[in-house]
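For what it's worth, full-length UniProt numbering labels the leading residue of the sequence shown as 1, then goes sequentially. Reading through the structure tokens given below for one structure.
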Amino acid sequence: MEPTASREPGPVREPLACLTEAYTCLRSGSCPSQRAHDVASAIFVGVCGGVSSGDRESCPPENHSDPTVELSCISMSLLEKISSALMSGSLPPAATLYYAEVLTGLQDMDLMLQLILHFQSNDQIISHLAAKSVSTCVFYRLHTSSTVCPVWRQKCVQAFYSSTPSPALDTCLWSITDVFKRLLQGGHQENIGKLLSAFDSSLMAICSKFLPEERSEVLLCLDDVSRSRRWGSTLCLLLELLELLTASSVIYAADVCLQSQRITYTHSSALLTIIGGSSHYFVKKRALLLLKRAVLQKSGEDWALGEGLYIGPKNKHLRADMSMLAKSMLTAVATNWLQRVQVESSSFFGGTRHVRGKEGHKADCVMLRALGLLLLKSLELYIQTPSGAAGVNSAFEVCGYLQSVWGFLRQGSLLRTEVTHCCCWLSLLFGEQDDDMMEAAKALFSIFLHHRLCSGLDDCSMLKAACVFGCNPHCHFLLLLQSISFDHSILLDFLISTETCFLEYFVRYLKYLRADWQGFTAACGKTSLLDRHLSLQQSPTALCGGDVLKVTNRDQDPYRSNACFQHTGAISSAGMISMAAGFHLVEYDSSDESDTEKMEVSQGAPVASVSEKSRFSALDMKLQKLSVLTGILIEPNTTPHRRAEGPQVPVFQSERTSCPNMAPVSGHVTCDTLARVVLCMSQLREVVKRLHTKKLFPYNPSSLLRLLEQL
């Protein structure tokens, strides 16, 4: 194919025919018969020919298919596809030169100025296509020349400073969010810093308008939101942008740290006021999920920004910002903020469920989980501060907050049952989301250790108090095992996952379990006896309606030793597949017969991909850090404390013998549950050891195996 420069000038064709040929050739990776300048002129004419300030609703019905509107849409779509194709590098060299020349010609024509005029269009199709094409061109320019488009920057800065809800403001927010998202997904640290610097002050200005520091001003803003749906849409777009800014502060903490990246933390009080205010429900939910991901340091997880990017030095302001968020949350709870939070019925793909007959109120469990986890993580952060680290008053203050959240869940029939054992809230509320459940269990375990240190109670009284406040770690661990039917392979799926929350929780709990085996046996009896009165079932409508939990009392049911709470849908992703079809992430039963030459990872053979290596190395790094923090590495000459009965006791023989330290009425129940726990841990230890021997385990589990061997 001849170079573009030597192409003979052809006759100027009609814009639509020229654009159609250019689109067809772009898909096939070839060059059109027209010159690059002619294609650029056709795109420019198409963009300028569309509506710029009106909309199709204001036009007569016969003009809804106006050729100029269609030509404008085609031109902007083609421009977006050309920029995306050049960024992906999927075109042949000749086509790459040709379409790059098209973009250069459009830049000389000041096309960006014409595109930005469409930002203020009330026609959502026109404004959205303009935003997509502009953001793609801005990203392409950042990638090729590392400069921010001045026309686009000026328009967005002007809209942010005015902060008047309008189509132009919404389009600017969407456009800058899209550019940020592309930069974060592509790992362009330098360009992210340039973009943040260009918009830092203007972003602070718009947040001061929508998220003011004074509560009275926030309420005035909420009144505007309630009166106009435009305000609600604008606020949701702003919240999405804030999540990306928060993610950038975690991912690239060492490269750049500006005020706009900390808005979620510094304006957390205003966000909480919005959640408890009178705004639209979708705004409340979006703000709550933003705070939940911020406190978990998982902002941007829905956009797959890359887990490996989170490994690195922490933001120097992160500790203070997290403490600020926790303080705002606890202050709000202390002022009856929970009573002002509205939780509607559960939602599904068709909208919101309506109560019919005796169906009752099925609460939005996404909201409930976010509220519960936000408070638990805030408490975990609070006890790490000087004011919450010591003292009896601090211990009971924390327990008061726990009682507040359990009381909130009881009120208004949010979950239709009377839970007498507060430890059950962990499984009841978080059972359908593995990651949330592990985070909540880890937070409650930290709260329990803090209460144990500061309360001055003896071990027996401490465990009783922990059950009252819902933070007994033994009960939580048993409920977790019962929810997965004591299946060790599901625990293994958790351990080999790239999420390390369960790993951290598991090793911390095993370390504590060594010192309090008697408390664990008591918890076995307590949680088993609960199964005589309660059973947790998932409503059939949850399959189409999402997060719905249905609890019924069954006083006449016979005792079933396999579970205290039977979650039919408690394990997501790999866990659910494992329970339903017997399939696991790894075929553990066939590991002994596997081909070692194909499956074993030798030190000299680069078998894994680069992304897999970075993922596993990040996991190993976290495990080493965890070992140092929790002190689970055992010195060679130390003798670990063992319980009196030792692991050599036959597991199932205990069903026919009496158990120590337990009342006769519950002896059989306790021994049966205890036997299943010990068997599950033994099976887990054996499969981890076998995989580690075959070099199939993704990190070094030696310290974990030592803990499992002491059970």
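Positions of the beta carbon are idealized from the N, C-alpha and C atoms, including for glycine.
Nearest neighbour of residue i, chosen from the options [CA to CA]
i           : options                   : result
E709        : N700, V688 and S346       : V688
L117        : I176, H143, V47 and Q185  : V47
A465        : Q403, F486 and L78        : Q403
residue 722 : Q297, V151 and V343       : Summary: the structure shown does not reach residue 722, with the chain confined to residues 1 through 711, and so no result is reported for it.
H317        : L371, F697, V250 and A332 : V250
S201        : H188, P167, S166 and I263 : I263
residue 719 : C257, E240 and S145       : Residue 719 cannot be examined here, being either before or after the span of the chain that is shown, 1 to 711.
E344        : N336, F697, D487 and L409 : L409
T335        : S323, C31, L381 and G400  : G400
S133        : E80, A94 and T498         : E80
S197        : Q259, H143, R319 and E213 : Q259
M329        : D302, K284, Y265 and R685 : Y265
T68         : F44, L491, A523 and I274  : F44
R215        : R141, L272, V283 and D123 : L272
L711        : L684, Y505, G388 and R319 : L684
S72         : E21, L97 and L16          : L16
S90         : A287, R141, H143 and G29  : G29
Residue i to residue j span [Cα, whole Å]
i    : j    : result
T673 : I484 : 14 Å
A363 : Y281 : 13 Å
E70  : I126 : 10 Å
A270 : L289 : 14 Å
W152 : N315 : 29 Å
G525 : P473 : 14 Å
Q482 : D493 : 16 Å
S246 : A294 : This sequence places Thr at residue 246; Ser is not what is there. Cα to Cα, the separation comes out at about 7 Å.
E14  : E101 : 20 Å
P386 : S135 : 46 Å
V463 : H476 : Here residue 463 turns out to be Leu, not Val, going by the sequence shown. If I take the Cα positions, the gap works out to 12 Å.
Y99  : S83  : 8 Å
S682 : K181 : 45 Å
S346 : T420 : 24 Å
L239 : V341 : 18 Å
E301 : L691 : 30 Å
P701 : A85  : 45 Å
A523 : F697 : 32 Å
L338 : L113 : 48 Å
G232 : L513 : 49 Å
L371 : G277 : 15 Å
Under 8 Å between C-beta atoms of residue i and residue j
i           : j    : result
D435        : C501 : yes
residue 713 : L479 : The displayed coordinates of the chain run from 1 to 711. Any statement about residue 713 would go beyond what the structure contains.
C156        : C172 : yes
M76         : F139 : no
C454        : A515 : no
L244        : L184 : yes
F486        : C207 : no
M367        : K292 : no
Q433        : R369 : yes
C18         : C25  : no
F210        : L235 : yes
L325        : S268 : yes
D458        : G519 : no
M438        : Y382 : no
G105        : A40  : yes
W406        : G456 : no
L237        : T177 : yes
Coarse secondary structure for residue i, derived from DSSP in three states
i    : result
L16  : helix
S77  : helix
G357 : Its pLDDT being 41, under 50, G357 is placed unreliably in this model, and the value from its coordinates should be taken loosely. G357 falls in the coil class under three-state DSSP.
Q710 : coil
S248 : helix
S345 : strand
N700 : coil
N562 : With a pLDDT of 33 at N562, under the threshold of 50, the modelled position of that residue is not reliable, and no figure is offered here.
Rounded distance between the beta-carbons of residue j and residue i, thought under 8 Å
i           : j    : result
Y161        : A130 : That pair is no contact at about 21 Å.
residue 717 : A440 : Residue 717 is absent from the structure shown; the chain starts at 1 and stops at 711.
P167        : N122 : 6 Å
V468        : L707 : About 29 Å; that fails the 8 Å criterion.
Short CB-CB distance (under 8 Å) between residue i and chain B
i    : result
V179 : In the structure shown, chain B cannot be found, because there is only a single protein chain.
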